[in-house]
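Residue numbers (this note's numbering): 22 to 524. The beta-carbon is built from N, C-alpha and C at its ideal position, and this holds for glycine as well. One structure is given here, and the rest of the page talks about it.
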DNA sequence: AAAAAAT
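So, in structure tokens, the structure goes:
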């Protein structure tokens, strides 16, 4: 059996649920005990997709997996934030994990960016495993899942920077992100890391009114790397302002959302197909901390012959981030809790993000807190572009301590000083508010605890429905979430923060 | 009874 546990994960024979790897193992007729439960059909979503997959795609040959299990890999076993990543490769390309950035044959300019500007010392585990897959010919497609805050951005940014030909002044790498904020953040990382390479880059997001340039007058893009949001990328492509004939690497950040039915599926597929028509050998990289079963199966149909890295959902919650639930009798008590506990206790500990469900409730909560005399900023998609930029910049510069946000910032937003996340409203599925959105929950709590830092999450529960949602979330991730005894006890909150390692 | 992008 060629599938390898790159980390110390013990096989769990009692695991009843179908996980990502199982599909592949089925195809390779695995002999692992856990897959041989005879009476189990092991499928919950119908055979239609399975048939389509087996008829249209070559069977995976997992025999060639070669994540080496030597001491190089063992170096990373103590990093909790990215333990238990499983790798499955196709074909006969051997890969070995990179224990240092030198192992990757990067240019001296890029190494300088990594060590001096980014202050990196060695690859995190997801980087050690994924970078050889990205950088080794024949440059196979990759679907990669890794924990929040474990360094996924570096994987694809480094991948883009090292695959670009510096002498060719045309777009060669494209990265699509779900929000303007994430595109800007990723471009900042890319520019910092690639500072000494001379590689050019551009952000393709809706322009703010101050930088407005008549679209027709705009010259075609010559930047070698373009990072942006789907609408703007599509617009530039169809207006022939963004040439795609030289694009050889296409990245989707937050890929599960980019390919979800209620996400950016249509835009993403359109962009992918247009590029693949122009340059057939374009490498596609899909990165996210979450891939639910539906998206997972869709992904394996749209991205052919891809290597995979994945994490079981039970292993996905960050151990360094302590999660709590608090019962609040009414709306007012939620506001008072934030006023008296979060502002008075939490503010000293670092920055806080408060997530709400709607733009409207963001505004209401903002108003209540301001009326009580507290300083807080709010971000949501209906604000003007320049206001959004300003609020994010103030928060990133540490000028503001508490930020209210819709799910605009749920994914990818990277601010290391955030160690408190408040779910003022629990995330629910759009089509059914009695069903939690597990993926969004995981992304939200991942705003705390960046790169293994300590953090705490407080889920404010107000109704029977909230209780039920919380139970479902606990069951889904197989994790017990501790209860804070009383919403209005300073001592209880101090105790919780202490237990989280923050006080 | 959404949010995101953008037309």
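Original post:
Which one of 402, 115 and 496 has the shortest CA to CA distance from residue 381?
Top reply: 402
**OP:** Select from 481, 146, 253 and 125 the residue whose C-alpha is nearest the C-alpha of residue 363.
**Re:** 481
Original post:
Looking at C-alpha atoms only, which residue of 179, 164 and 308 is the closest neighbour of residue 141?
Top reply: 179
Subject >> Span of the alpha helix (DSSP H) around residue 265 >> reply: From DSSP, residue 265 is part of no alpha helix (DSSP H); its letter is neither H nor E.
**OP:** Tell me residue 398's beta-bridge partners as DSSP assigns them.
**Re:** 424
**OP:** Assign residue 177 to one of three DSSP states: helix, strand, or coil.
**Re:** helix
Original post:
How about residue 441 and residue 390: are their beta carbons less than 9 Å apart?
Top reply: no
Subject >> Burial state of residue 301 (16 or more Cβ within 10 Å) >> reply: exposed
Original post:
Thinking just about the alpha-carbon of each residue, which of 445, 491 and 478 is nearest to the one in residue 455?
Top reply: 491
**OP:** Spatial neighbours of residue 291 within its chain, please: CB distance less than 8 Å, with the 5 preceding and 5 following residues excluded, ordered by chain position.
**Re:** 255
Subject >> For residue 285 and residue 274, the rounded distance between their alpha carbons >> reply: 12 Å
Original post:
Relative to the C-alpha of residue 145, which residue among 340, 171, 352 and 394 is closest?
Top reply: 171
Original post:
In the DSSP assignment, what are the bridge partners of residue 194?
Top reply: 246 and 270
Original post:
Got a sec? Which residues, its chain only, sit under 6 Å from residue 169 by beta carbon, not counting five neighbours each side?
Top reply: 310 and 467
Original post:
Which partner residues of residue 476 appear in the DSSP bridge assignment?
Top reply: 342
Original post:
Short check: CB of residue 192 to CB of residue 243, under 9 Å?
Top reply: yes
Original post:
Start and end of the beta strand (DSSP E) containing residue 499?
Top reply: That residue, residue 499, is in no beta strand (DSSP E); it is neither H nor E in DSSP.
Original post:
Between residue 518 and residue 477, what straight-line distance do the alpha-carbon atoms span, to the nearest angstrom?
Top reply: 7 Å
Original post:
For residue 318, does the three-state DSSP call read helix, strand or coil?
Top reply: helix
Subject >> Where residue 298 falls, given that 16 or more other Cβ within 10 Å makes a residue buried >> reply: exposed
Original post:
Which residue from 424, 355, 209 and 147 puts its Cα closest to that of residue 399?
Top reply: 424
Original post:
Can you tell which of 420, 443, 474 and 438 has its C-alpha closest to the C-alpha of residue 431?
Top reply: 443
**OP:** Mind the definition here: the region 406-419 touches the region 485-500 only if three or more C-beta pairs lie below 8 Å; say whether that holds.
**Re:** no
Original post:
Taking C-alpha atoms, which residue in 335, 371, 174 and 280 lies nearest to residue 474?
Top reply: 371
Original post:
Between the C-alpha atoms of residue 426 and residue 509, what's the straight-line distance to the nearest angstrom?
Top reply: 24 Å
**OP:** Give the range of the beta strand (DSSP E) segment to which residue 461 is assigned.
**Re:** Per DSSP, residue 461 belongs to no beta strand (DSSP E); it is in the alpha helix (DSSP H), 459-466.
**OP:** State the start and end residues of the unbroken alpha helix (DSSP H) segment that holds residue 443.
**Re:** No alpha helix (DSSP H) holds residue 443; the beta strand (DSSP E) holding it covers 439-444.
Original post:
Near residue 161, which residues of its chain fall below 6 Å by C-beta distance, leaving aside the five closest residues on each side in sequence?
Top reply: 328
**OP:** From the DSSP output, in three-state form, read off residue 304 for me.
**Re:** strand
Original post:
Which two residues bound the contiguous alpha helix (DSSP H) that contains residue 354?
Top reply: 352-358
Subject >> N-terminal and C-terminal residue of the beta strand (DSSP E) that residue 162 is part of >> reply: 162-166
Subject >> residue 364 (DSSP reduced to helix, strand or coil) >> reply: helix
Original post:
Given residue 153, which residues of its chain have a CB within under 6 Å of its CB, disregarding the five upstream and five downstream residues?
Top reply: 116 and 119
Subject >> Assigned secondary structure, residue 169 (DSSP; H/G/I helix, E/B strand, else coil) >> reply: coil
Original post:
Between the Cα of residue 407 and the Cα atoms of 227, 351 and 113, which residue gives the shortest distance?
Top reply: 227
**OP:** Return yes when the Cβ of residue 166 is within less than 9 Å of the Cβ of residue 319, no when it is not.
**Re:** no
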